[in-house]
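Taking the working numbering, the leading residue of the sequence shown gets 302, the next gets one more, and so forth.
Please read the structure below before turning to the comments.
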Amino acid sequence: MNTIRTHFELYILLFLSVAAFGQHKNTVTATLQTRTNTLNVVQKITYTNEAGTALSEIYLNDWSHAFSGKDTPLAKRFAEEFHRNFHLAPEKKRGRTMVNYISINDAILDWERLDYQVDIIKVTLPEPLQPNESITLDLNYQVKLAYDEFTRYGFAKNGDYSLRYWYMTPAVYRDGWKLYSHKNLDDLYTEQANHNITLIIPDTFEVISTADSMKNDGNGLVQFTAKKVKDVTILLRQNSQFKTFQTDKVNITTNLNPYGLDEKQQAIAIDKVVQFIHEKLGDFPRKNMMISEIDNKKNPVYGLGQLPSFIRPFTDAFQYEIKILKAILEKNLEESLWMDTRTEKWILDAIEIYLMMGYAETFYPNMKLTGELAKVWGIRSYEFAKLEFNDQYPFMFMLMARKNIDQPLNTSKDSLTKFNNNIANKYKAGVGLKYLKSYFDEAVIDDFVKEFYVENRLQKASRDDFETLLKAKAPKDIDWFFNNYVDSRKRIDYKIKKVEKVDDSLKVTIKNKYDANFPISLFGIKNDSVVSKYWVTDVGKKKTVTIPSDSIDRLVLNYDKIIPEFNQRDNWKSLNGFFANNKKLRFTFFKDAENPHYNQIFFVPVARFNLYDGFTPGMRLYNKVFLTKRLLYDLKPSYGLRSKQLVGSGSVSYRHDIESINSDLYFISFTVGGNYFNYAEDLAYTRFVPKVTFGFRDPDFRSNQKEFIDFRYVIVQREQSEIPTLATDNDEPNYSVFNARYVYSNPDPIRHMVWFTDFQISKRFAKISFNLDYRKLFQDNRQLNLRFFFGKFIFNDTNSDFFSFALDRPTDYLFDYNYYGRSEDTGLFSQQIIVAEGGFKSKLPNPFSNAWLATGNASYSIWKWIEGYGDVGFIKDNGVNTRFVYDSGIRLNLVPDFFELYFPVYSNNGWEIAQPGFDQRIRFIVTLSPKTLTKLFTRKWF
């Protein structure tokens, strides 16, 4: 039987290779082995040299091999985004390609994988391939499929298969070889080719594919043909939920969640979307299109539509239409316009988002960003409830711009942060076309989009083609669009500086707050209605224009908010006198979008806990909106239910961002903060801290590496205790410390490193210290944690240990740490540990040093989150011999830095595990700060 099947495979391969036509041809015969999740592949690649120069080698994309190790470009990208699943996965879940041979005319060729791109194969040709000549490569290899939890393609736990990028394809030569590794970006850049694929599978599978046609003999032999495509995706399902909806333009096969719509309603929605796309773009490139739930999950419609169904604020029809619209647009553009989607994807994104905005304007002009929630009492008064559905696009881009982590549109996709790649840059691109449409004030952009699509459908296209056609269609100069909007991250920000009334005219002076020129719209408003609109160009630093007064009572820049302007709070000027321009106060619960006409103050209940104040409810008053502001204040007046005192904290900060993408320095912040709480029973402290911080980052925004330099002056005043103790230290109840610190941070799930140097000086002491934290996740999925600390006094004139270095529980005289019972020597709260200074877990005798301290802390995985730990060190007191100290035990590392338990076993104290009161020796780390915990979920996006 196997011999018959093998002969049949070769026959099919020979037949299809003869029948294939076109410049580039790809003929594949593959047999699926479900027991081992492998494909045995026999392939012919007919490659035509279109480079214009002789080629001595050809490069092949072998993206299945991207899963072969933990140091491939794909594995490194997973690590950058804090995905540990791939690194922790067993070998059977990872994929690879085993090449048997690559030949031409039965002559075996030399080939090799690139050193740092193992999913790219270099094939050395026996003789140079001249321009316009063709060769046929014969390949024989096995593909071990990867588990689909990594990229959603591969083999699934339930026995299904989703096959994409599973066979080899030639790389593209365009001004040099374009060698792009698999980075889970769905942007394979390969030559368009005519594909003939034969897949031999168990006959229990239902088969769905992106091919033009498919023949299934019902016995497990399936043939696919596709013309002028980059690749063919094939889904094998044991229980398919796919349905095919026929329209007069294209047939859509999909399994997208219908949100409660029946089949007839889905058909109506799909036809509506298809007709809209056809009207805006023209004919679809092929008659059939597959849209899978995988497409939606990898590129969802972000926003409230992702909420659970019971609180989803949109109608089923609207949600389904928007989701199917996005999926069809994205698939259609990628199949129609053959572009370098690693470096020029922003062009496809611009068209996609522009048309999505157009769809909402056409069919849902009154739809709000929050859907039906905009009508709910208690929500409808908020500014974010008043935002239109399309306001999300400039808003989400501005979210990154205000954080100073936006990136130019022409940035390569693999250099974009996850949020910029998935959301911000896509939206900025679409808003850019909307900006141009408003600037031209006519249907130029609609015509341009359709013409660009029609002219380049199923053809090679590039940014040059896009730019040339757009400039040809534009009635105005648009060099600023490409130079400033696309190729840079320059800010758009204007303000009305001055207005003078001269007879029946107004002289309006507009100030450009940045150094880039963009057109800005100026509106004349009368009783909240637009009376006039003008475009002001070439503003430079400042420009004065004269316009008719037209009974205008207010002038507003960018009134329709189409321009993604950095700050719109100073865009308007009332002509009704000085006081009309004053902004009123508005108090709002929780948080809201920015309203430029008000000074917004937000309030929200807060609570914290410490042993001495007890449960401490309070009210937080702050001005932070959804978009980052430069000047922030945050006040938290509270009441301690146990101490019966008013306590709390507050801060005011100003941040100056450095917008230059070539500058390592990216912000300077100035902060003044203070707090008042009890630090012991009936003893309060006041802390006041002015601080300056310089933030540095790697030019590669995807890098998690950051550096900080802090300068601060900590002023502490404490109430004195009648009974002197270490914690209260009557000798020095009030003190001031100047503190300078340099921090290097490079958090990473595989190789984590954070270190800092610290200098402190006060009237009675000066000290320096060094602290290093290092984590390494090994190939066997075990983790090593190392920490080193060294601290030394430069001089020390104190006569207590309050300012000394500590082995296991620093006194925290700067009040930096969140101790729940900072003055406790016994009891549960004394067992809280914050790993600082010595970092020991056992409580040893004489744990303080007034001279120098050097320690090392280590832990290593035993099983999952159970680790063994050990600490060693040397401690030196003035006038006392240096002591060697150590401890060891078991660490339950449940959530690193957030929830950990330490069980001591052996130390200088002896076998602690066998000593009385062992439960009092257990140490714990518990973090209750919501802000700190949310970093676990947001760090992968920014």
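Where a beta carbon is used, it is the ideal one built from N, C-alpha and C, also for glycine.
- request: Give the straight-line distance between the Cα atoms of Y913 and V948, rounded to the nearest whole angstrom.
  value: Looking up residue 913 in the sequence shown gives position 612. Looking up residue 948 in the sequence shown gives position 647. So the two alpha carbons sit approximately 11 Å from each other.
query: Okay, do the segment 1182-1194 and the segment 1119-1129 touch, 3+ Cβ pairs below 8 Å being the bar?
result: no
- request: Would you kindly report the start and end of the unbroken alpha helix (DSSP H) that includes W678?
  value: Residue mapping note: residue 678 aligns to position 377 of the sequence shown, counting from 1. Neither: W678 is in no alpha helix (DSSP H) and is coded neither H nor E.
- request: Taking T555 and I595 to be in contact with their CB atoms under 8 Å, please state how far apart those CB atoms are, rounded to whole angstroms.
  value: Within the sequence shown, residue 555 is the residue found at index 254, counting from 1. Within the sequence shown, residue 595 is the residue found at index 294, counting from 1. Going by Cβ atoms, the distance from T555 to I595 rounds to 11 Å, so no, they are not a contact pair.
query: Can we say the segment 569-584 touches the segment 534-541, given the rule of at least three CB pairs closer than 8 Å?
result: no
message: Rounding to the nearest angstrom, what Cα-Cα distance links L361 and D1011 in this structure?
response: Working through the sequence shown from its first residue, we reach residue 361 at position 60. Working through the sequence shown from its first residue, we reach residue 1011 at position 710. Straight-line Cα distance between these residues: approximately 50 Å.
message: Report the start-end ranges of each alpha helix (DSSP H) in the segment 743-820 that is 4 residues or longer and not cut off at the edges.
response: 745-757 and 764-774
message: Measuring only the C-alpha atoms, how far is A908 from F916?
response: Counted from its first residue, the sequence shown places residue 908 at position 607. Counted from its first residue, the sequence shown places residue 916 at position 615. Cα to Cα, the separation comes out at about 7 Å.
- prompt: DSSP state of W647, grouped into three classes?
  reply: Walking along the sequence shown from the start, residue 647 turns up at place 346. Helix, per DSSP.
query: Residue range of the beta strand (DSSP E) that S637 falls in?
result: To locate residue 637, count along the sequence shown from 1; it is residue 336. From DSSP, S637 is part of no beta strand (DSSP E) but of the alpha helix (DSSP H) over D617 to S637.
message: Per the DSSP calculation, A1155 is bridged to which residue(s)?
response: Here the question's residue 1155 lines up with position 854 in the sequence shown. A1155 pairs with F1091 and F1175.
message: To the nearest angstrom, how far is the alpha carbon of D766 from that of N757?
response: On the sequence shown, residue 766 is found 465 positions in, with the first residue counted as 1. On the sequence shown, residue 757 is found 456 positions in, with the first residue counted as 1. Using only the alpha carbons, I get a separation of about 9 Å.
field: Span of the alpha helix (DSSP H) around D707
entry: The sequence position of residue 707 within the sequence shown is 406, counting from 1. Unbroken run through D707: none, as it is neither H nor E.
S763 to D504 span [Cα, whole Å]: By 1-based counting over the sequence shown, the position of residue 763 is 462. By 1-based counting over the sequence shown, the position of residue 504 is 203. C-alpha separation (whole angstroms): 43 Å.
- prompt: Per DSSP, what kind of secondary structure is Q281 in: helix, strand or coil?
  reply: Missing from the structure shown is residue 281; the chain here goes from 302 to 1243 and no further.
task: Please name the residue in G521, K531, G519 and F1039 whose C-alpha comes closest to that of N495.
output: Counting from 1 along the sequence shown, the entry for residue 495 is found at position 194. For N495, the nearest C-alpha among the options comes from K531.
task: Count the other CB atoms, across all protein chains shown, that sit within 10 Å of the CB of N963; report buried if there are 16 or more and exposed otherwise.
output: As a first step, residue 963 must be located in the sequence shown, where it is residue number 662. Exposed, since its Cβ has fewer than 16 Cβ neighbours within 10 Å.
- prompt: When you compare each of I811, Y815, F546 and L932 to S822 by their alpha carbons, which one comes out closest?
  reply: Walking along the sequence shown from the start, residue 822 turns up at place 521. Of the candidates I811, Y815, F546 and L932, the one whose C-alpha sits nearest the C-alpha of S822 is I811.
task: From the DSSP output, read off the bridge partner residues of R1083.
output: Here residue 1083 corresponds to residue number 782 of the sequence shown, with the count starting at 1. None, per the DSSP bridge assignment.
message: Runs of 3 residues minimum, wholly inside the segment 518-548: which ones carry the beta strand (DSSP E) assignment?
response: 522-530, 535-538 and 544-547
field: Contact set for F1171: own chain, Cβ-Cβ below 6 Å, skip 5 residues either direction
entry: To locate residue 1171, count along the sequence shown from 1; it is residue 870. It should be noted that the sequence gives Gly, not Phe, for residue 1171. Cβ neighbours of G1171 beyond the five flanking positions: A1159 and S1189.
query: Mapping DSSP to helix, strand and coil, what is W1166?
result: Counted from its first residue, the sequence shown places residue 1166 at position 865. The answer is coil: DSSP assigns W1166 none of H, G, I, E or B.
message: If I measure Cβ to Cβ from V1261 and keep anything under 6 Å in the same chain, skipping five residues before and after, which residues do I get?
response: Absent from the model: residue 1261. The displayed extent of the chain is 302 to 1243, so no value can be given.
message: Using CA atoms only, rank isn't needed, just tell me which of T1099, G941, N911 and N900 is closest to L922.
response: Residue mapping note: residue 922 aligns to position 621 of the sequence shown, counting from 1. Selected option, being the one with the closest Cα: N900.
- prompt: Which same chain residues, not among the five before or five after D788, have their C-beta less than 7 Å away from its C-beta?
  reply: Residue 788 sits at position 487 when you count from the first residue of the sequence shown. Result list for D788: P709 and N711, in chain order.
message: Using a Cβ distance threshold of 8 Å, determine whether the segment 980-995 contacts the segment 732-739, with at least three qualifying pairs required.
response: no
message: Would F698 and A725 be called neighbours here (beta carbons separated by less than 7 Å)?
response: In the sequence shown, the residue the question calls residue 698 occupies position 397. In the sequence shown, the residue the question calls residue 725 occupies position 424. Yes, these two residues count as a Cβ contact at 7 Å.
- prompt: Under the three-state reduction of DSSP, which class applies to I578: helix, strand or coil?
  reply: As a working mapping, residue 578 is identified with position 277 in the sequence shown. DSSP places I578 in helix when its eight states are reduced to three.
query: Counting pairs of beta carbons, one from the segment 456-464 and one from the segment 374-387, are three or more of them closer than 8 Å?
result: no
query: Which residues mark the beginning and the end of the beta strand (DSSP E) in which K937 is found?
result: Residue numbering aside, residue 937 sits at position 636 when the sequence shown is read from its first letter. Here the beta strand (DSSP E) through K937 covers L932 to G941.
query: Does the segment 424-436 touch the segment 385-395, meaning 3 or more C-beta pairs lie closer than 8 Å?
result: no
field: Strand pairing of T847, partner residues [DSSP]
entry: By 1-based counting over the sequence shown, the position of residue 847 is 546. Answer is K808.
message: Pairs of beta-carbons, one from the segment 436-446 and one from the segment 398-413, closer than 8 Å: are there three or more?
response: yes
- prompt: Run through DSSP, which three-state label would M699 get?
  reply: Counting from 1 along the sequence shown, the entry for residue 699 is found at position 398. M699 falls in the helix class under three-state DSSP.
field: N-terminal and C-terminal residue of the beta strand (DSSP E) that A730 is part of
entry: As a working mapping, residue 730 is identified with position 429 in the sequence shown. Element bounds for A730: not the beta strand (DSSP E) but the alpha helix (DSSP H), N726 to F741.
message: Within 7 Å of any Cβ in chain B, is that where the Cβ of F1200 sits?
response: Although the question refers to chain B, the structure presented lacks it and comprises just one protein chain.
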